[in-house]
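Just below is one structure, and these are the notes that go with it.
Protein chains: 2
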Amino acid sequence: MTSELGRRAVEEASFGQRIADTLHLVQATLPVQRRMVHAGDAIYQVGQEFGSLYVVNSGLVKMVNLSSEGREQVVALHFRGDWLGLDGIAGGHYGCDAIAMDTGEVWSFRYEDLLQAALRTPALLSALHQAMSRQLARDHESLQSLCALPADARVAGFLHYWAQAMEKRGLRTDQISLRMTRAEIGNYLGMTLETVSRALSRMARGDVIRFVEKGRRDIHIPRVDALTAFMRQVATPVDARAFH
Amino acid sequence: MTSELGRRAVEEASFGQRIADTLHLVQATLPVQRRMVHAGDAIYQVGQEFGSLYVVNSGLVKMVNLSSEGREQVVALHFRGDWLGLDGIAGGHYGCDAIAMDTGEVWSFRYEDLLQAALRTPALLSALHQAMSRQLARDHESLQSLCALPADARVAGFLHYWAQAMEKRGLRTDQISLRMTRAEIGNYLGMTLETVSRALSRMARGDVIRFVEKGRRDIHIPRVDALTAFMRQVATPVDARAFH
DNA sequence: CGATGTCTTGAGCTCTGTCAACGGGCGTGG
DNA sequence: CCACGCCCGTTGACAGAGCTCAAGACATCG
């Protein structure tokens, strides 16, 4: 168990460096096209022919899946250093809309160019594989919390995830600024906006979080361990009885 | 819309061939280690050091995620032609347990060997990327249905997914043999075993499915379109009001 | 044949979705 | 400057989908 913790610590410490390395590497070895985006801008859209991959240099991007019945669903969030468009490789078309949620810069380059450049610079290929692999692991975590945790724990987990994402990128982690409406958060977490609001209110009452300013989007997290404690506390498992 | 349908038709038709091609390709260019597995066997386990990737040649494999609180969660199912272990590339350790659910054969090979061989045979790299990309897209679909669909529709969607997976692999699709208990299905779909049982009973009453034999694990699907119709019918969206 | 595990079905309760009302922030326009 | 509308967030009341608990039927295997 100690070796497990040790490994995690090393990973965390090197995480910010990994992001910076990836960005440098891509920039140095590929013909990258930079693009400023603002909240609401589409980086690519579902059905559009696949050709380019993207890396978020700054800002915040949501992946929106459109179901056959026309329902929209936020399936992932992406921060600095994350890759976009990976789910388009297989089908030849992007599988989601990628929508910027904040002002930022996104880099794009041709997938074909990446493969070419990877012959000279194997580290590029490694970076691509790690990005895809990380996203797979992340998706599995999402699925797990979505299946197994009640609403309050999911909201708490969401804040924790966000704080962790900020921390890994060297940003302040005590105060986070969600650039999402309650409806968007609820959509991402598989619940209604009212439930999100109630969960946040409960956490605020328990002093697990505090709202700063007038606007209710900036959230102060006094102690991260209080957040994780809250998560565990409300995590009355939906299926506590082991399924085997 | 017609071009969309046309594209899909072509993709479907070539799908079985793609699986066969991948298996041939891997076999021809890599030092593959074959292993017979039986229900319950672990192909790899969470935390184990990453090194090899796996391809299912036959049988059925579940990916089980173990949460920090000790809850188990089935996060994916894999059939012939699917790759396993991809989520281990990033962290250096596998992120899930891969458990066989049926007798079958799994091929394994070193990730390093794959990268080496890919220099001579670029198609290998393409196959890897497509496998990862497909899995990402699949995970997003899971997330979507988990968030947006009520229990009955999720169970119906599960059967549909299974039938489709069989069809893509050239197996009979009218009668499917779930090698999972109700508890496992419920775990995978984010509901209790009782809810799974009730959903199946309702479908059987509506003659959307039929139980064959005494055992209730073999399910006959008279008409797939009846299944999809049932899905749509019970898909009273959790969040019908657009979130924006 | 009993023992065990799985599946089904019922009854009650809880969580969370639904509907509704209200307040606050912000931009627009008078 | 204030009035107004609009969007967002909060909170309450209520209902319903699905979880929990429980009992019993069925299949498999020793």
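Read top to bottom, the protein sequences are chains H and P.
For the first sequence, the UniProt record's numbering assigns the number 1 to the initial residue and increments by one for each residue that follows.
For the second sequence, the UniProt record's numbering assigns the number 1 to the initial residue and increments by one for each residue that follows.
Glycine included, each C-beta is placed from N, C-alpha and C at the ideal position.
Values in this document were obtained by computation on a predicted structure and should not be read as measured data.
Of the residues H/Gly157, H/Ile43 and H/Leu128, the one whose Cα lies closest to the Cα of H/Ile221 is H/Gly157. Residue environment: P/Gln73 is assigned as buried (16 or more neighbouring CB atoms within 10 Å of its CB, all protein chains considered).
When the Cα atoms are used, H/Lys214 and H/Gly16 turn out to be separated by approximately 32 Å. In this structure, P/Ala90 lies near H/Arg134, with their beta-carbon atoms less than 7 Å apart. One thing to note: H/Val61 has its Cβ no nearer than 7 Å to the Cβ of H/Cys96.
In the displayed model, P/Tyr44 falls within a strand according to three-state DSSP. Along the stretch 107-123 of chain P, the positions whose C-beta sits under 8 Å from a C-beta of chain H are Leu115, Leu119 and Pro122, read in chain order. For P/Ser58, the enclosing beta strand (DSSP E) stretches over residues Ser52 to Ser58.
Two segments are said to touch when three or more pairs of C-beta atoms, one from each, lie closer than 8 Å; by this definition the stretch 191-206 of chain P does not touch the stretch 28-39 of chain H.
For P/Leu84, the pairing in a beta bridge is given by DSSP as P/Tyr54. Taking 7 Å as the cut-off between beta carbons, the residues of the stretch 132-147 of chain H near chain P are Met132, Ser133, Arg134, Gln135, Leu136, Ala137, Asp139, His140, Ser142, Leu143, Gln144, Leu146 and Cys147, in sequence order. The Cβ neighbour count for H/Ala28, taken over all protein chains shown within 10 Å, is under 16; the residue is labelled exposed. Looking at the DSSP output, H/Gly104 bridges to H/Val37. Between H/Leu124 and H/Ala131, the C-beta spacing is not below 7 Å. The same chain holds no residue with a CB closer than 7 Å to that of H/Ser68 once the five nearest residues on each side in sequence are set aside. DSSP lists P/Lys62 as the beta-bridge partner residues of P/Leu77. Put simply, the backbone Cα of P/Ile219 is about 47 Å away from that of H/Arg80. For the 7 Å CB-CB criterion, H/Gly190 and P/Cys147 form a contact.
Measuring C-alpha to C-alpha distances from P/Arg179 to each of P/Thr103, P/Ala98 and P/Trp83 identifies P/Thr103 as the nearest. For P/Phe230, same chain residues with a beta-carbon under 7 Å away, outside a window of 5 residues either side, are Ala156, Met203, Gly206 and Val208 in chain order. The Cβ atoms of H/Phe50 and H/His93 lie closer than 7 Å to each other. With respect to the 7 Å criterion, H/Leu86 and P/Leu136 are classified as neighbours on the basis of their beta carbons.
Our two residues, P/Val46 and P/Leu66, have alpha carbons roughly 8 Å apart in a direct line. With fewer than 16 other beta carbons inside 10 angstroms of its own, P/Val212 counts as exposed. Taking the Cα of P/His38 as reference, the smallest distance to any Cα among P/Glu105, P/Ala153, P/Ala76 and P/Glu184 is reached at P/Glu105.
Neighbours of H/Ser67 in chain P, taken as residues whose beta carbon is under 7 Å from its own, are Gln144 and Ala148 in chain order. P/Leu86 reaches chain H at Met132, Ser133 and Leu136, counting residues in chain order whose Cβ is nearer than 8 Å. Residue burial annotation: P/Gln144 is buried, with at least 16 other C-beta atoms found within 10 angstroms of its C-beta. The C-beta distance from H/Asp41 to H/Ala100 rounds to 5 Å, short enough to meet the 8 Å contact threshold. At least one CB atom of chain H sits nearer than 7 Å to the CB of P/Ala90. H/Ala98 sits in a strand when the DSSP states are folded into three classes.
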